[in-house]
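Throughout the first sequence, residue numbering follows the numbering used here, covering 238 to 960 in sequence. A virtual CB, placed ideally from N, CA and C, is assigned to each residue, including glycine. Model, not experiment: these values are computed from the prediction. Notes to accompany the following structure.
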Amino acid sequence: MHDIPMSKNDDNQKTEKGWYEFWDKSGFFKADPNSKKPKYSLLIPPPNLTGELHLGHAMQHSILDAIARYKRMQGFDVLLLPGVDHAGIQFESTFDKKLAKEGLSKQKLGREKWLEKAWEFKDEVYKSVSATWRFMGLSADWSREVFTLDEAPRRAVFEEFKAYFEKDLIYKGPYIVQWCPKDQTAIEDVEVEYLEQKDKLYFVKYPLAKNKNKFVTIATVRPETMFADAAITVNPKDKRYKDLIGEKVVVPFVNREVPIIADDAVDVSFGSGAVKCDPAHDLDDFRRAKDHNLQILAAIGKDGKLTDLAGEFTGLKSLEAREKIFESLEKMGLAEKSEEIVHNVSVCERCKTPTELLISEEWFVKVSDMAKDAVKLIKTGKINFLPENYAKIISDWLINIHDWCISRSLWWGHRIPVWYRTSIMSHESRVKLADRDIRVSLESPGEGWVQDEQVLDTWFSSGLWPLSTLGWPFGVNPQGKPQKNKEFEKYFPWDFEITAPEIKYLWIARMIMISDFFTKQVPFKTMFFHGMLRDLQGRKFSKSLGNGVEPGYLIDNWGVDATRMTLYSYSVPGRDGRVSRQIMDERGKNFRNFATKLRNIAKFIIDLKPEDSATSLSFKHKDDKWVKEELDITIKNVTKNIESLNLHLASDEIYDFIWHKLADKYLEQSKNRRSEAQPVLEHVLYESIKLLHPFMPFVTEEIYQKFDKIQKSIMVDVWPKNA
RNA sequence: GGGCAUUUAGCUCAGUGGUAGAGCGCCUCGUUCACAUCGAGGAGGUCGCAGGUUCAAGUCCUGCAAUGCCCACCA
Numbered sequence: 238m239h240d241i242p243m244s245k246n247d248d249n250q251k252t253e254k255g256w257y258e259f260w261d262k263s264g265f266f267k268a269d270p271n272s273k274k275p276k277y278s279l280l281i282p283p284p285n286l287t288g289e290l291h292l293g294h295a296m297q298h299s300i301l302d303a304i305a306r307y308k309r310m311q312g313f314d315v316l317l318l319p320g321v322d323h324a325g326i327q328f329e330s331t332f333d334k335k336l337a338k339e340g341l342s343k344q345k346l347g348r349e350k351w352l353e354k355a356w357e358f359k360d361e362v363y364k365s366v367s368a369t370w371r372f373m374g375l376s377a378d379w380s381r382e383v384f385t386l387d388e389a390p391r392r393a394v395f396e397e398f399k400a401y402f403e404k405d406l407i408y409k410g411p412y413i414v415q416w417c418p419k420d421q422t423a424i425e426d427v428e429v430e431y432l433e434q435k436d437k438l439y440f441v442k443y444p445l446a447k448n449k450n451k452f453v454t455i456a457t458v459r460p461e462t463m464f465a466d467a468a469i470t471v472n473p474k475d476k477r478y479k480d481l482i483g484e485k486v487v488v489p490f491v492n493r494e495v496p497i498i499a500d501d502a503v504d505v506s507f508g509s510g511a512v513k514c515d516p517a518h519d520l521d522d523f524r525r526a527k528d529h530n531l532q533i534l535a536a537i538g539k540d541g542k543l544t545d546l547a548g549e550f551t552g553l554k555s556l557e558a559r560e561k562i563f564e565s566l567e568k569m570g571l572a573e574k575s576e577e578i579v580h581n582v583s584v585c586e587r588c589k590t591p592t593e594l595l596i597s598e599e600w601f602v603k604v605s606d607m608a609k610d611a612v613k614l615i616k617t618g619k620i621n622f623l624p625e626n627y628a629k630i631i632s633d634w635l636i637n638i639h640d641w642c643i644s645r646s647l648w649w650g651h652r653i654p655v656w657y658r659t660s661i662m663s664h665e666s667r668v669k670l671a672d673r674d675i676r677v678s679l680e681s682p683g684e685g686w687v688q689d690e691q692v693l694d695t696w697f698s699s700g701l702w703p704l705s706t707l708g709w710p711f712g713v714n715p716q717g718k719p720q721k722n723k724e725f726e727k728y729f730p731w732d733f734e735i736t737a738p739e740i741k742y743l744w745i746a747r748m749i750m751i752s753d754f755f756t757k758q759v760p761f762k763t764m765f766f767h768g769m770l771r772d773l774q775g776r777k778f779s780k781s782l783g784n785g786v787e788p789g790y791l792i793d794n795w796g797v798d799a800t801r802m803t804l805y806s807y808s809v810p811g812r813d814g815r816v817s818r819q820i821m822d823e824r825g826k827n828f829r830n831f832a833t834k835l836r837n838i839a840k841f842i843i844d845l846k847p848e849d850s851a852t853s854l855s856f857k858h859k860d861d862k863w864v865k866e867e868l869d870i871t872i873k874n875v876t877k878n879i880e881s882l883n884l885h886l887a888s889d890e891i892y893d894f895i896w897h898k899l900a901d902k903y904l905e906q907s908k909n910r911r912s913e914a915q916p917v918l919e920h921v922l923y924e925s926i927k928l929l930h931p932f933m934p935f936v937t938e939e940i941y942q943k944f945d946k947i948q949k950s951i952m953v954d955v956w957p958k959n960a
């Protein structure tokens with residue numbers, strides 16, 4: 238048997254909840270734009286509204302809260318701004334699954350009813366997120382909380398879109414997307430997974446246009462897309478084909494002449510060294526089509542069946558068509574051979590259906606100039622990246638950036654603020670519309686106009702988050718009416734932002750780019766990348782693996798303060814941590830014991846104070862001098878380590894001082910001269926709990942309130958300084 | 001394929017040039033005296049491998065290996 242108590246510690250819960258309400262009601266969490274104090278602003282990365290917060294969130298929020306509490310005690314006007322993200326595709330997928338269980342679907346409900354229910358679901362999920370935040374002790378300014386689909390961000394996002402549009406940075410054009418033939422929707426790259434599969438590699442002979450008795454043999458696993466062939470691609474260094482580059486071949490069945498083009502990416506040693514090029518069905522080929530100005534044709538439709546390009550094979554599913562096409566090629570004498578190969582097939586993460594790459598009309602933002610400017614901004618060093626090398630990683634990505642596809646075929650999100658005349662109904666024909674037939678507007682321009690069906694990419698609004706949360710560009714009150722914008726002027730740029738490295742491109746790079754574009758300023762002065770908490774095998778936490786550790790479990794067993802301390806020990810920038818329930822329990826137990834130790838120290842010093850105690854504070858005795866010296870070193874180191882954002886060192890430092898220096902040494906020694914030492918004991922404990930407060934806010938407040946002559950809360954007392 | 005990171009005590013991790021650290025676990029001893037959710041003490045490491053720089057290297061440089069992550073992809 239082990240000695241870990243498995244029951245809930247109700248006493249702790251009640252106490253913590255009580256203190257939290259006390260802080261919240263006192264207004265200590267609120268930022269004050271009118272305050273003359275220097276400001277310190279921290280932006281909480283808005284969690285996705287798709288489920289409960291996990292341990293990684295808990296760590297992130299604990300880090301933010303420690304810094305916020307520290308800065309407040311340092312005399313700053315602190316803004317810790319909370320918010321949540323609508324998380325387009327993730328939310329929609331989670332929500333649709335839930336609907337499916339209730340026997341409902343998008344088709345059955347229709348857009349309006351679906352959205353109504355989606356907002357209800359959002360409120361439901363939000364409750365758990367909000368509850369966890371409060372449980373963890375987050376000292377956020379709840380009066381400024383924002384949701385990405387709220388009125389203020391909605392208007393900000395519209396201004397963002399309009400600005401790009403007016404500067405001619407937005408366009409609509411063909412784009413290759415991953416398409417799930419079963420779900421009948423485009424899906425994002427992140428929703429695609431790769432499965433290893435055995436397939437046949439077919440070798441097909443294409444006659445040369447000039448001399449039909451000579452052939453180029455290509456190798457493909459997908460002969461069914463050959464009806465869309467726009468070229469044959471070879472490696473320019475390949476001696477076999479070098480002289481043929483620029484020549485033309487005839488595509489079997491369709492008898493179209495297509496060029497032989499050169500591309501370094503073709504692997505000389507694979508298959509025959511020559512591959513067919515289908516811009517509508519392959520990402521690389523799509524890029525090549527742009528470079529070589531090739532025709533983009535679709536051999537597969539959105540239903541996953543062959544299009545009428547395929548002649549006699551039209552209407553067949555791609556897998557059915559495959560063998561039949563090769564048989565026909567054999568009859569024509571154009572089939573060379575087939576081999577077995579093992580390769581990765583892309584499938585839909587949700588239904589495991591093999592995905593198709595298809596061409597679809599999507600909205601884009603031309604970002605290359607913005608990205609270049611952002612790289613220059615990063616070079617100035619105005620953003621302090623932790624770890625440092627992320628400045629380069631992000632710059633490299635920005636340098637190689639592609640146009641940003643901002644449209645998604647979803648319902649949950651900011652609807653694209655583009656309106657068309659109802660007389661022009663065809664989706665495709667809207668691409669080349671005259672200006673008079675299109676309007677960019679938040680609300681309907683009036684009768685006879687219909688809004689674009691798609692919504693904006695979630696990151697389009699998230700990328701604007703540092704601005705939109707502060708009411709940029711004009712300030713909006715809760716009713717959506719413009720107001721003077723003191724907040725933005727005071728709190729922007731943010732002093733501190735934090736996230737997991739996972740979304741450094743999707744989110745961080747874009748915030749820098751967008752902020753630079755609109756304000757010529759950095760969005761944040763410090764960018765902290767924490768590590769990822771993983772399981773003991775190094776795998777990410779996931780629901781399907783069931784390898785996660787819930788923050789709620791740790792809080793129930795060890796209390797919030799102990800859970801926070803546990804998480805700080807994993808907060809080294811950029812370093813992943815391996816975690817299991819057992820390991821978290823070990824640490825949680827240790828810090829729970831520490832909280833108990835601290836309560837006992839306070840009991841000894843304050844509750845059991847001798848009646849004849851000395852009253853004036855002095856450090857004459859050698860023990861007093863020693864503890865004062867140690868306290869000064871601790872103050873110096875804790876302060877230094879928080880300033881350099883080494884919270885793991887800061888929390889460890891004060892832990893070590895309280896337990897092993899104050900309790901084990903000084904307090905024991907003081908027992909011989911208790912009355913004389915009393916003022917020093919009190920002083921050292923008082924300063925110690927202030928140093929600990931950013932990390933263990935609850936127990937420190939509890940002990941603080943035992944002292945006489947104090948501020949209303951330890952939250953608003955001053956940070957210890959060396960004499 | 002490209003990029004990045006990690007490798008230190010049984011486990012999880014600190015330690016950015018100067019006598020190897022923490023927590024948990026393990027062993028011994030100790031409960032009237034704030035605390036057994038504790039105290040005192042102990043065992044346990046050639047700091048992944050091989051070179052190099054330096055008076056001095058876990059720490060800096062080069063190479064290698066293993067593991068992991070991110071990005072792009074296997075036609």
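For residue i, list the residues DSSP reports as bridge partners.
i      : result
Pro591 : Val584
Ile751 : In the DSSP output, where bridge partners are listed per residue, Ile751 has none listed.
Thr422 : Cys417
Leu280 : Leu318, Glu734
Ser575 : Tyr439
Gly814 : Leu770
Arg658 : Trp686
Lys629 : Answer is none; Lys629 lacks a bridge partner.
Gln434 : His580
Asn285 : Asp322
Arg493 : Val488
Ser597 : Tyr412
Ser644 : Leu693
Thr470 : Ile498, Val512
Asn621 : Thr763
Ala456 : Phe440
Would you decide whether residue i is buried or exposed? Buried here means 16 or more other CB atoms lie within 10 Å of its CB.
i      : result
His323 : buried
Glu880 : exposed
Phe507 : exposed
Asn249 : No answer about Asn249 holds up, because its pLDDT of 45 lies below 50 and its placement is not dependable.
His298 : buried
Tyr257 : buried
Leu882 : buried
His179 : As displayed, the chain neither begins before 238 nor continues past 960, which places residue 179 out of reach and without an answer.
Asn874 : buried
Glu724 : buried
Tyr941 : buried
Ile562 : buried
Gly410 : exposed
Between residue i and residue j, how many whole angstroms is the CB-CB distance? I'm expecting something under 8 Å.
i      : j      : result
Thr462 : Pro788 : The pair is not a contact, with the Cβ atoms about 48 Å apart (cut-off 8 Å).
Leu918 : Leu904 : 7 Å
Val936 : Asp798 : 5 Å
Ala303 : Pro730 : That belief does not hold up - the Cβ atoms of Ala303 and Pro730 are roughly 21 Å apart, past 8 Å.
Ala446 : Cys514 : No, Ala446 and Cys514 are not in contact; Cβ-Cβ is about 16 Å, not under 8 Å.
Trp416 : Leu595 : 4 Å
Ile424 : Leu647 : Contact doesn't hold; Cβ gap of about 10 Å is too wide.
Ala465 : Ala517 : 6 Å
Pro738 : Gly811 : 7 Å
Inspect the CB distances between the segment 672-689 and the segment 651-658 and report whether three or more fall short of 8 Å.
yes
At least 3 beta-carbon pairs within less than 8 Å: the segment 353-362 vs the segment 760-775
The answer is no - the segment 760-775 does not touch the segment 353-362, with fewer than three Cβ pairs under 8 Å.
Any contact of the segment 601-621 with the segment 429-444, i.e. 3+ C-beta pairs under 8 Å?
no
Inter-stretch contact at 8 Å, needing at least 3 Cβ pairs: the segment 331-342 / the segment 261-272:
In this structure the segment 331-342 does not lie against the segment 261-272, because fewer than three pairs of beta carbons, one per stretch, are closer than 8 Å.
Can we say the segment 303-323 touches the segment 278-285, given the rule of at least three CB pairs closer than 8 Å?
Output reads yes: the segment 278-285 touches the segment 303-323.
Decide if the segment 741-752 is in contact with the segment 598-614; the criterion is three or more beta carbon pairs, one per stretch, under 8 Å apart.
yes
If you scan the segment 779-854 from start to end, which runs of the beta strand (DSSP E) of 3 or more residues do you find wholly inside it?
none
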